[in-house]
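Below you'll find the structure, written out as structure tokens, and then a few comments.
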Amino acid sequence: MRWLIWVGVLKATVGFSQMEIRGVITHRDTGLPISGANIVLVDQQNGTSSNSEGRYRFGNLP
Numbered sequence: 011m012r013w014l015i016w017v018g019v020l021k022a023t024v025g026f027s028q029m030e031i032r033g034v035i036t037h038r039d040t041g042l043p044i045s046g047a048n049i050v051l052v053d054q055q056n057g058t059s060s061n062s063e064g065r066y067r068f069g070n071l072p
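Under our numbering, the first residue of the sequence shown is numbered 11, with each subsequent residue one higher.
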């Protein structure tokens with residue numbers, strides 16, 4: 011029984027340690043969203059693209 015409780019606590023701790031980064035890419039002069047922009051996290055070697063509204067999201071980051 012103790013083992014099952016420990017696994018539950020460990021799983022909850024791991025779940026809380028994950029991060030998310032999200033944002034919106036806009037044009038500096040017009041303020042309009044930029045779709046299809048490539049966003050890269052160099053240290054993570056991870057990348058994504060902005061959607062039609064300029065929004066991007068990185069999920070499940072350590």
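For each residue, glycine too, the CB sits at the ideal point set by N, CA and C.
Quick caveat: nothing in here was measured; it's all calculated off a predicted structure.
Where does residue i fall in DSSP's three states?
i          : result
residue 40 : coil
residue 59 : strand
residue 33 : strand
Can you tell me the Cα-Cα spacing of residue i and residue j, whole angstroms?
i          : j          : result
residue 38 : residue 60 : 16 Å
residue 47 : residue 36 : 10 Å
residue 32 : residue 49 : 10 Å
residue 62 : residue 42 : 11 Å
residue 68 : residue 30 : 6 Å
residue 40 : residue 53 : 31 Å
Flag this pair as yes or no: are the beta carbons of residue i and residue j separated by less than 9 Å?
i          : j          : result
residue 64 : residue 45 : yes
As a quick exercise: from the options, pick the residue whose alpha carbon is nearest that of residue i.
i          : options           : result
residue 55 : 29, 71, 41 and 32 : 71
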